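Straight run, no breaks: the sequence shown in the working numbering ends on number 515.
Note that beta-carbon positions come from the ideal geometry of N, C-alpha and C, so glycine has one too.
The structure presented is a predicted model; accordingly, all values stated were derived computationally and were not measured.
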Amino acid sequence: MAPTQILAGGSSMASTKRNNKADTNISSTNKIRLLYFFYRFSTGSLNPFMSIYMQHVGMDADQIGRLQAIRPVMTMLSAPMWGGLADRTGSKKLVLILAFFMSFLCRMSTSFLAGNIMTFACSLCASSVFYAPVSSLLDSIVVSSLEEHEKVNFGRLRLWGELGNGFGSTITMNLINHESGFEYMFLLHGVSSIVALIVMLYCVPPNQHTTKKIVASQMTHRTIDWKEGIRVVFGNVQILTIFGLVAITGYSTAILENFCYINIRQLYTKHGMMNVAGRDISLYRVCFSLGGTLTWWFSGSWSKRLGSEVVMFASVCCLPLCFFLYAGVGSELDGLTKVGFLTSEAIRSGIFAALWGNATIQVNKLSPDHVSSMMQAMLEATYRGIGHTTGSYSGGILCKRLDISAAFLVVGKGLASFLCMVGAIGFWTYPQRSSKKTE
């Protein structure tokens with residue numbers, strides 16, 4: 077055979093391999109998109125409206141705050157254990173699917189137990205224990221399955237979850253304004269969760285790019301426990317800073333998530349406009365989804381240009397603005413107030429997308445391979461455990477003593493003052509740190 081024919085044959089085979097690899101990457105990417113879409117559709121059809129459901133069955137703001145505070149406590153306590161189990165066994169997909177399935181059963185049980193606060197609280201606790209690792213474990217599996225150069229585009233995969241959340245919550249918001257709306261809400265959640273489970277079975281990616289590293293790491297680190305995760309967090313200033321920003325965001329979003337829609341519905345009721353409340357809140361949820369989708373799409377580009385730390389801190393600095401906008405920027409329920417609600421929904425979703433996308437990638441990059449799932453679980457525990465617990469509890473107390481709008485103003489002013497103080501300290505100490513590095 078002539079040399080030119082051999083070369084031609086070799087280049088043809090190489091081209092075929094590249095094409096096959098590209099087709100495989102596209103196929104796996106589409107599976108991840110479907111996975112995030114249906115997973116977030118199922119959670120978006122119920123989770124944002126639990127506070128409204130609690131109010132519907134007769135609970136006041138203080139009871140809602142206390143009950144909502146229980147859930148993140150359970151997350152904080154159980155998430156690291158789930159993450160450790162996933163790292164120790166290596167069966168991350170099995171742990172993910174089992175946890176999601178059990179949390180789904182517990183969430184559905186709350187629809188039958190609302191008449192008794194104690195049993196309702198127990199059901200919420202159980203759902204939180206099982207749901208604790210789901211989001212963080214899914215993110216960990218997806219990020220670990222990506223090539224190093226693909227990780228910066230993680231947000232463009234995660235945005236499909238935002239789209240799913242937007243569709244699910246918009247449909248639910250229209251359903252709950254009917255006479256049997258909350259029954260339809262739980263029905264929609266049940267059907268969509270079963271679909272999400274099926275998609276998880278077929279679409280969760282293999283942890284192909286880090287399996288060898290983890291096996292090698294486990295040969296020298298036989299014991300994987302939460303103590304090691306804590307040592308990693310407090311032994312790395314970058315990781316500790318990320319966890320701090322996540323905790324602040326968790327605190328703020330807990331107050332907003334639990335009481336913003338209650339406040340909006342009360343305002344519409346006060347002005348005799350409940351007949352259009354469902355339509356308007358659905359529009360607000362569309363803006364919420366749009367804000368998150370756009371942020372997930374551009375977060376990778378922003379991180380390349382500005383750096384992950386700048387993007388995360390800038391997103392946290394936008395939190396006070398959300399509180400001021402939700403408190404009502406116009407006179408009563410005029411057009412300016414509605415524009416404020418629309419804007420605050422988009423900003424709130426964008427804050428989480430910018431922070432969580434960068435935090436997930438950075439923690440995955442900075443953590444040892446053999447505790448990567450545990451570190452993601454601890455990140456989730458910080459957000460939903462420390463942040464959401466303190467936010468839900470203090471928010472419930474404030475909203476009971478003050479009206480919700482006044483409580484939002486108080487929290488917004490306090491948060492703005494705190495962030496200004498932190499920013500001033502950081503600005504003052506940065507030149508000193510830079511000069512020490514130079515020396």
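Could you pull out every residue in the same chain whose Cβ sits closer than 7 Å to the Cβ of GLY266, ignoring the five residues on either side in sequence?
-> MET184
Should the segment 224-244 be called in touch with the segment 372-392, which here means at least 3 C-beta pairs below 8 Å?
-> yes
Minimum Cβ-Cβ distance from ALA137 to chain B less than 8 Å | Here there is only one protein chain, and chain B is not present.
ILE247 and LEU264: beta carbons closer than 8 Å?
-> yes
Does the distance from the CB of ARG460 to the CB of GLY326 come in under 8 Å?
-> yes
Could you check where the alpha helix (DSSP H) with CYS363 kicks off and where it finishes?
-> 353-382
From ARG109, PRO444 and MET157, pick the residue whose C-alpha is nearest to that of VAL218; which is it?
-> ARG109
Measure from the alpha carbon of GLY191 to the alpha carbon of each residue in SER449, VAL133 and ALA175, then state which is nearest.
-> VAL133
For TRP504, which three-state DSSP category applies?
-> helix
Looking at the structure shown, is GLY134 part of a helix, part of a strand, or coil, going by DSSP?
-> coil
What's the C-alpha gap between ARG477 and ILE270?
-> 41 Å
If you draw a straight line from the alpha carbon of GLY517 to that of MET388, how long is it in whole angstroms?
-> In the structure displayed, the chain extends from 77 to 515; residue 517 sits before or after that span and is not available.
Neighbourhood of ALA435 by C-beta, 7 Å cutoff - its chain only, sequence neighbours within 5 removed = ILE318, VAL322, MET388 and LEU455
Would you kindly work out how many angstroms separate the C-alpha atoms of ALA403 and CYS475, rounded to a whole number?
-> 12 Å
Starting from LYS227, trace the alpha helix (DSSP H) both ways and give me its first and last residue.
-> Neither: LYS227 is in no alpha helix (DSSP H) and is coded neither H nor E.
State yes or no: is the C-beta of ALA208 within less than 8 Å of the C-beta of THR119?
-> no
To which residues of the same chain is VAL498 closer than 8 Å at the C-beta, ignoring the five residues directly before and after it?
-> none
What is the DSSP secondary structure of LEU83, counted as helix, strand or coil?
-> Summary for LEU83: the model assigns pLDDT 47, below 50, so the residue's position carries little reliability; its value from the coordinates is reported in the next sentence. Looking at LEU83 - three-state DSSP - the assignment turns out to be helix.
Given 8 Å, three or more beta-carbon pairs between the segment 193-213 and the segment 333-353 | no
Inside the segment 106-186 only - alpha helix (DSSP H) runs reaching at least 4 residues = 126-132, 137-165 and 168-185
At a cut of 8 Å, does the segment 209-216 reach the segment 161-173 through at least three beta carbon pairs?
-> yes
Buried or exposed for PRO396, please, with buried defined as at least 16 other CB atoms from any protein chain shown within 10 angstroms of its CB.
-> buried
CYS394 by DSSP, collapsed to three states: which one?
-> coil
Span of the alpha helix (DSSP H) around VAL313 | 313-346
Measure from the alpha carbon of MET178 to the alpha carbon of each residue in VAL313, SER328, ALA482 and LEU273, then state which is nearest.
-> LEU273
Could you tell me the boundaries of the alpha helix (DSSP H) in which MET451 lies?
-> 448-456
Rounded to a whole number of angstroms, what is the C-alpha to C-alpha distance between PRO148 and CYS394?
-> 23 Å
Is the Cβ-Cβ distance between SER425 and LEU401 less than 8 Å?
-> no
Report all residues from its chain with a CB closer than 7 Å to the CB of SER481; omit the five preceding and five following residues, and keep chain order.
-> ASN339, ALA403 and GLY404
Use the C-beta contact count for SER511: other C-beta atoms within 10 angstroms, 16 or more gives buried, fewer gives exposed.
-> Unreliable placement is indicated for SER511, whose pLDDT of 45 sits below 50; no coordinate value is reported for it.
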